[in-house]
Structure formats: structure tokens, C-alpha cells
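What follows is a single structure, written as C-alpha cells, with notes after it.
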Amino acid sequence: MRIVLLGGPGSGKGTQAKKLTEKYRIPQISTGDIFRAAVKEGTPMGLKAKEYMDKGELVPDSVVVGVVEERLAKPDLNAGFMLDGFPRTLPQAEALDKIMQKMGKGIDHAILVDVPDEELMKRLTGRRTCRNSDCGKMYHVMFNPPKKEGVCDACGSELYQRADDSEATIRERLNVYAEQTAPLIDYYNKKGLLRQVAGVGPIENIFAALVKILG
Ligand code: AP5
Ligand code: MG
Ligand code: ZN
Numbered sequence: 049m050r051i052v053l054l055g056g057p058g059s060g061k062g063t064q065a066k067k068l069t070e071k072y073r074i075p076q077i078s079t080g081d082i083f084r085a086a087v088k089e090g091t092p093m094g095l096k097a098k099e100y101m102d103k104g105e106l107v108p109d110s111v112v113v114g115v116v117e118e119r120l121a122k123p124d125l126n127a128g129f130m131l132d133g134f135p136r137t138l139p140q141a142e143a144l145d146k147i148m149q150k151m152g153k154g155i156d157h158a159i160l161v162d163v164p165d166e167e168l169m170k171r172l173t174g175r176r177t178c179r180n181s182d183c184g185k186m187y188h189v190m191f192n193p194p195k196k197e198g199v200c201d202a203c204g205s206e207l208y209q210r211a212d213d214s215e216a217t218i219r220e221r222l223n224v225y226a227e228q229t230a231p232l233i234d235y236y237n238k239k240g241l242l243r244q245v246a247g248v249g250p251i252e253n254i255f256a257a258l259v260k261i262l263g
């Protein structure tokens, strides 16, 4: 099962990907998570990515595609994978098609998690993320609070607020999504791969809608 998750910043891609990978036992590949780990380690790639992430802009395609190509060459993907936050531009989508072609495989579904912009702003300003990168669970101070404030239910690590979750940066991320990523909806629709779920309402209901698509 090879899946692309599409959706604006804060639409719940990461939240749902974590639940789906548990159910279907396929890895979540989040380019955002890969870049945040590289920033934390202070690698050259991380330092380069940070310049863009802090402004809410996209990391250049050449950097992103290299990172994904490397990840997709690892041997743990026999059962498939779930791409979260990639592709995000048309050149990235075309690069993914080429990588798939070389692997002799294809994408099964590109699923759009559809959420209105006003809701996205509320979600991102209240998001808290687990600092333990092996866990990385997401919470929300109002919509999905942890049992104990500031502490991850799953692993007990500290929760933090992402650097790019300030109101001004969120606004830029929303603009970037509309301009550069939303065209992918049409791209996958034309290929007959686009599926769509309404991304508002309880997390469990959205999960059920995704499972219905995936079988
Ligand atoms: P990335 O990390 O991918 O961020 P994003 O796309 O902006 O998406 P988010 O992770 O913010 O949101 P999400 O959809 O995962 O939502 P979540 O589940 O957390 O990218 C960050 C940056 O890295 C980019 O800006 C760019 O610079 C760079 N980058 C990454 N990939 C790139 C690429 N391919 N090309 C170029 N640059 C790239 O949920 C959000 C909140 O809502 C949480 O608090 C959650 O608890 C809550 N929530 C979830 N579901 C619900 C619900 N149903 N009801 C209420 N609240 C909910
Ligand atoms: Mg995410
Ligand atoms: Zn955790």
C-alpha cells in the first residue's frame, strides 16, 4: 500500500498517519519530521532547511527530492509507505513518479484531508508535539489535550510548540500551500488516484473514513 497524504498545514496528516501506520504496519515518511530531526542534529542539510522552515517557505525541490529518494531506497518498504508532506510541488510529484517507475511500483492512493483555513489556524496555534522524535505524537491544548499538561501520554516526554507555529508563519504556510501544493489535487485527480475525506470532526471519525478508502 503506497499512499500520499495531501492537505494543508494542520489538516491532520501527521495525526492520521501515526494511526494508519499502526494499523497497516507501513512506515510514515514525513519530510517535515526528517527536516526537524536534521535541524535538531545541526547537520548541513538541517541548517539549510531551517532557513526556509522558519519563514514558512518550502525547502528547495532539489534538497527535498534527494532526501526522499534516499529514504525510499531503504529496505523496510516492502509492505508500502505513507508519504506525509511530500510531494508538495509539481516538480516533486513528477520526481516521485520517476522514483516509483524505477522501483517498478506505483502510488495507490493520493488522499486529500480537506479542512477550511480558519480551522487550520486554530489547530496550529494550539498544537503541541512530543519532543521524543521516535514518538512525535501531536496534541492540541483544546481539541486533543494530553492527560497531563505538557507531557506526552504515549511516552512521558515533554511537549513543545513548533517554531513555525506562530500566527505570521502559519499565514505564510497557508499561502504557500494554496499556491504551490493545492495544484497537486488536480495532478492526482487526472491520474485517477485522488481520494478525499472531510478533515473536520472527531479524529476517530476521520480515521474511520480513511480506513474505508484503504480497506
Ligand atoms: P510539515 O511538518 O509537513 O508541516 P505542514 O504540512 O505545515 O503540516 P503540519 O505538520 O503542520 O500539519 P499536519 O497536517 O501534520 O497536522 P497535525 O496532525 O500535526 O512541514 C514543515 C515545513 O518543512 C514546511 O513549511 C517546509 O518548510 C518544510 N517541508 C516539509 N516537507 C517539505 C516538502 N515536501 N517540500 C518543501 N518543504 C518541505 O495536526 C495539527 C493540529 O491539529 C494538532 O494539534 C492536532 O492535535 C490537531 N488535530 C488533528 N486532527 C484534528 C481534528 N480532527 N480536530 C481537531 N484538532 C485536530
Ligand atoms: Mg505534520
Ligand atoms: Zn511521546
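Take the sequence shown: its position 170, counting from 1, is numbered 218 in the working numbering, and each next residue is one higher.
Ideal placement from N, C-alpha and C gives every residue a C-beta, glycine not left out.
Query: Pair every Cβ in the segment 99 to 108 with every Cβ in the segment 211 to 227, then say whether three or more of these pairs are closer than 8 angstroms.; Result: yes
Query: Flag this pair as yes or no: are the beta carbons of Arg-243 and Ile-254 separated by less than 8 angstroms?; Result: no
Query: Which complete beta strand (DSSP E) runs does the segment 173 to 209 hold, if anything under 3 residues is left out?; Result: 175 to 178 and 186 to 188
Query: Going by DSSP in three states, Arg-73 sits in which element: helix, strand or coil?; Result: coil
Query: Identify the residues that DSSP records as bridge partners of Ala-246: which are they?; Result: Asp-162
Query: If you draw a straight line from the alpha carbon of His-188 to that of Lys-170, how long is it in whole angstroms?; Result: 10 angstroms
Query: For Ile-251, which option in Phe-191, Tyr-208 and Leu-241 has the closest C-alpha, if you only look at C-alpha atoms?; Result: Phe-191
Query: On the CB-based measure, 16 or more other CB atoms within 10 Å of its CB, does Ala-143 come out buried or exposed?; Result: buried
Query: Can you give me the start and stop residues for the beta strand (DSSP E) that Val-107 sits inside?; Result: Note, Val-107: premise wrong, no beta strand (DSSP E); not H, not E.
Query: Which residues does DSSP pair with Arg-50 in a beta bridge?; Result: Phe-129
Query: What is the residue span of the alpha helix (DSSP H) that Ala-143 lies within?; Result: 138 to 151
Query: Taking 7 angstroms as the cut-off, is the CB of Gly-104 close to at least one heavy atom of ligand 2?; Result: no
Query: Run the proximity test for Gly-174: is its beta-carbon closer than 7 angstroms to any non-hydrogen atom belonging to ligand 2?; Result: no
Query: Where Ile-233 and Gly-263 are concerned, what is the direct C-alpha to C-alpha distance, given to the nearest angstrom?; Result: 22 angstroms
Query: Run through the segment 210 to 262 for me and flag every whole beta strand (DSSP E) of 3 or more residues, listed as ranges in chain order.; Result: 242 to 246
Query: Considering only the alpha carbon of each residue, which of Arg-119, Pro-139, Val-199 and Ala-158 lies closest to Gly-55?; Result: Ala-158
Query: Looking at the unbroken alpha helix (DSSP H) that takes in Thr-91, where does it start and where does it end?; Result: No alpha helix (DSSP H) contains Thr-91, which DSSP labels as neither H nor E.
Query: When every heavy atom of ligand 1 is checked, does at least one fall within less than 7 angstroms of the C-beta of Asn-192?; Result: yes
Query: Excluding the 5 residues flanking Pro-135 on each side, which residues of the same chain have their C-beta closer than 6 angstroms to its C-beta?; Result: Ala-141 and Leu-144
Query: Tell me whether the beta-carbon of Ile-82 lies closer than 8 angstroms to the beta-carbon of Met-130.; Result: no
Query: Compare the C-alpha of Ile-155 against each of Lys-146, Val-113 and Ala-85 and name the closest.; Result: Lys-146
Query: Could you tell me the distance, in whole angstroms, from the CA atom of Gly-174 to the CA atom of Cys-200?; Result: 15 angstroms
Query: When every heavy atom of ligand 3 is checked, does at least one fall within less than 7 angstroms of the C-beta of Ser-38?; Result: In this structure the chain extends from 49 to 263, so residue 38 is not present and cannot be described.
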